[in-house]
Amino acid sequence: MQSKITPVCQVETYNNVKNALVKDKWIITHDPLTLKFGKKDLYVDLGAGQLLAAQKAESKIAVEIKSFSRRSDVDDLEKALGQYILYQDILIELEPERILYLAVPNRVFDDLFEEPIGKLLLRNHRLKLITFDPKQEVIKQWITPS
C-alpha cells in the first residue's frame with residue numbers, strides 16, 4: 156500500500172514536470188491552461204495536478220500532471236483517464252493542433268503502465284504519456300502509441 160502524498164508534494168511534482176519541460180526546450184505558454192467550453196470552465200484541481208500548455212517550434216502540447224498519490228493506483232488511473240478523455244475531446248474542438256499528454260513519475264510508469272492494465276491502455280491508443288524523473292527534473296520518455 157502506498158502512503159498518501161501531501162498537497163505540498165503534489166505541487167512539487169507539478170514543478171518537477173514544468174522544470175523538465177523547460178530543460179527540454181519547451182516554452183510554457185499557459186500555466187494553467189483553462190478550457191472554456193459552452194457555459195463550463197474547466198479548471199484542474201491544484202491538489203490533483205495541473206494542466207499546462209507548452210510550445211516547441213510549431214508543436215503545441217497540453218500536459219495533465221499526476222502524482223498518483225492515493226492508496227490505489229487504479230483509482231488514480233480511473234480519475235486521470237476520465238480527465239484525459241474529457242480534456243482531449245474539448246481540445247479537439249478548441250485547439251485541434253494541441254496534443255494532450257499525461258505526465259507521470261517513472262515509478263508510476265513502472266508500477267502501472269508496465270503491467271497488463273497499463274499496456275492495454277497504451278495498446279488501445281487511449282493516451283499519450285510523458286514519464287519523468289522527479290529528482291533530476293528530466294523527461295525520460297515520450298510515449299505516443301502509433
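Numbering follows my numbering, with no gaps: position 11 of the sequence shown is 166. Virtual Cβ for every residue (Gly too), placed ideally from N, Cα, C.
Around the beta-carbon of Arg226, fewer than 16 other beta-carbon atoms lie within 10 Å, marking it exposed. Looking at Leu197, Ala235 and Val259, the one whose alpha-carbon comes closest to that of Lys295 is Val259. Out of Tyr169, Glu233 and Ser222, the CA that lies nearest to the CA of Ala208 is found in Tyr169. Asn174 and Ile254 have their C-alpha atoms spaced approximately 19 Å apart.
Cβ-Cβ separation between Gln165 and Ser222: approximately 5 Å, consistent with a contact (criterion under 8 Å). Excluding the 5 residues flanking it on each side, Thr184 has same chain C-beta neighbours closer than 8 Å at Ala208, Ala209, Gln210 and Lys215, in chain order. Scanning the stretch 244-281 for uninterrupted alpha helix (DSSP H) segments of 4 residues or longer gives 271-278, listed from N- to C-terminal end. The three-state reading of DSSP puts Ala175 in helix, counting H, G and I together. Here DSSP, grouped into helix, strand and coil, assigns Glu292 to coil.
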